[in-house]
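Structure, as structure tokens:
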Amino acid sequence: MTQLQSLRGMVDLLPEQTCRWQAVESLARQHFQRWGCREVRTPMLEVTELFARGIGEATDVVGKEMYTFQDRGDRSCTLRPEGTASVVRAALQHGLLAQGSQRLWYSGPMFRYERPQAGRQRQFHQIGVEWLGVTSAFSDAEVIALAWDLLADLGVDGLALEINTLGTPDDRQVYRSRLVSWLEQRQELLDADSQQRLSTNPLRILDSKHPQTRELLQDAPMLEQSLAADSLSRHQAVLKALDDLSIPYAVNPRLVRGLDYYGHTAFEITSDQLGAQATVCGGGRYDGLVQQLGGDPTPAIGWALGMERLLLVLEAAATANPSGRAARLVKEASPDVYLVNRGEQAQRQALVLCRQLRLAGLAVQRDESGSAFAKQFKRADRSGAAFALVIGEEEAERSVVRLKALTSAVPDAGDAQQQDWSLNDLGLLVEALQNGAKPGAGGKDAGVSRRRG
RNA sequence: GCGGGCGUCGCCAAGUGGUUAAGGCAGCGGCUUGUGGCGCCGCUAUUCGGGGGUUCGAAUCCCCUCGCUCGCCCCA
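Just so you know, we're using our numbering here: the first sequence kicks off at 11 and counts up by one.
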């Protein structure tokens, strides 16, 4: 295979896919706007130190998954493996926090050097929010509600919210030593990975999927027992707020997130429609990160949502329920009008006509083949357009265009309703098309939609 | 980094050592030189991811290699 290919784990999005992405993105934008979030766009490439310091040297992401290289000035650069560190860096660099708390959102590609599998790529895309300078437990519930409501609006189900608290750094310190000493007494029962983590990152042993390790952990001391009273009551307040919002959740005491900056609230939203990589959205509070990156101590919370995984879930929902909300979002837009034209004079007029219609805001697809009318109509039908406009020799002579509805269930039924419209006064035709001109009684759903924006 | 599965036309796919590599979808042309869902006819892979080997003979067997995919790990 000498044909050039994209790099492993780097995928192309073809038109059928991009229209879905656009639908999701535009819906997400609406929600962000309602929640008072404003967009930031940061570079994909950052100095390596940002992630090393922000995410934590001991994490897998930093330890073995980063795309890092020296640039021509011999600086160590890294393609961002996640968005939070960059957003915080940008906020600090430009003094945003001096203006008070910030509710920000971002979207874009992230890079991690991992073996690809279902729901996991080397270049993947996240859409996320970061609320900087927000303290209260209500904010935690509010930012979770944003994720929850956005996902609900996409028409997907089978989602579950899991939540936990990681407490303060002090809480974790206390717990860490209790856990380590408990595990050390049972070291030989742990799997190899977990033994390794005893020294590097013991909390992560908690969400090991190794059966024997899980079994063992049934009786291990839990973080909750080491929490200070404040941490506990804060957690209770978050849960209570979720109750007030009627957002269902399950407390999962083993939920420990892989990035070092999380503390207090940590949560994930998972789907039963995905394979092993079931997390669609993950996030939590990171009160220490801003300070760690050189700012004043600033509490913060955020989440990120995996676009590829979300699209998988959305497509599954669309398949399961072809007439539901998800299915509508997934559907590719059809042109409003398909222009059937044949003969030199006619094609010349068609070119001018379709431009005028487009300038009036209609989506027009012009058949450029010059082939037989039957072929052109067949393509018109497949394009999904509600109407065909026809210009052939006859019409060209008379300076008219013929309008035919394509949506009727029986092809010939539309023929009787074909009408000629003058090319010299397109206003009426445009108006008729924009009003949907009442397509025949067929099963297809759309008239001509009004263009927006 | 470690395991399993798989690579035949744009997509789905039959073929498992013997002459011309099924079929379906999509595409193109025609039946129908002016009208779409159906039908019929024709066209579209000198070649089976790539390289080497075994054999009179290989898509089919062996070796190497590349790629895809699922899982572990980890996360979105």
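Glycine included, C-beta positions come from ideal geometry on N, C-alpha and C. On a predicted model such as this, the values are computed, not experimentally measured, just so you know.
_Quick check for students: name the residue ranges of the beta strand (DSSP E) that lie wholly in the region 356–416, counting only runs of 3 or more._
374–376, 397–401, 410–415
*asked:* For V440, tell me which candidate among L193, Q357, D346, M20 has the shortest Cα-Cα distance.
replied: Out of L193, Q357, D346, M20, the CA that lies nearest to the CA of V440 is found in D346.
*Is the Cβ-Cβ distance between L303 and G105 less than 8 Å?*
no
*Assuming G165 contacts A336 (C-beta within less than 8 Å), just tell me the rounded distance between them.*
4 Å
*Kindly indicate the opening and closing residues of the beta strand (DSSP E) around S187.*
Looking at the DSSP string, S187 is not in any beta strand (DSSP E); the run it does join, the alpha helix (DSSP H), is 179–194.
*The alpha helix (DSSP H) spanning A239 covers which residue range?*
Note, A239: alpha helix (DSSP H), 239–254.
_Please identify the residue among I257, Q246, G129, V57 whose C-alpha is closest to the C-alpha of A100._
V57
_Between M54 and G118, how many whole angstroms is the CB-CB distance? I'm expecting something under 8 Å._
7 Å
*Please determine, among F121, G110, E140, T210, the residue with the shortest C-alpha to C-alpha distance to A45.*
Rather than Ala, the amino acid found at residue 45 in this sequence is Trp. Measuring from the Cα of W45, the nearest candidate turns out to be E140.
*Give me whichever residues DSSP pairs with L349 in a beta bridge.*
Answer is R376, L399.
*What are the boundary residues of the beta strand (DSSP E) that I65 is part of?*
Counting along the chain, I65 falls outside any beta strand (DSSP E), though it belongs to the alpha helix (DSSP H) covering 58–65.
_R113: first and last residue of the uninterrupted beta strand (DSSP E) it sits in_ = 112–121
*Given V400, which residues of its chain have a CB within under 6 Å of its CB, disregarding the five upstream and five downstream residues?*
Sequence-distant Cβ neighbours of V400 in its own chain, meaning closer than 6 Å and more than five residues away, are V350, R412.
*In the DSSP assignment, find the beta strand (DSSP E) that holds L439 and state where it starts and stops.*
From DSSP, L439 is part of no beta strand (DSSP E) but of the alpha helix (DSSP H) over 436–444.
*Is W45 helix, strand or coil by DSSP?*
coil
*Closest Cα partner of L436 within the set C364, D229, R264, Q375*: C364
*Closest residue to L237 among R48, Q195, T178, C47 (Cα-Cα distance)*: T178
*Please classify D306: is it buried, with 16 or more other beta-carbons within 10 angstroms of its beta-carbon, or exposed?*
Per the 10 Å Cβ criterion, exposed.
*Apart from the five residues just before and just after A251, which ones in its own chain have a Cβ nearer than 7 Å to its Cβ?*
Once the five neighbours on either side are set aside, the close Cβ partners of A251 are A147, F148, A151.
*Check the DSSP bridge columns for T78 and list the partner residues they point to.*
T88
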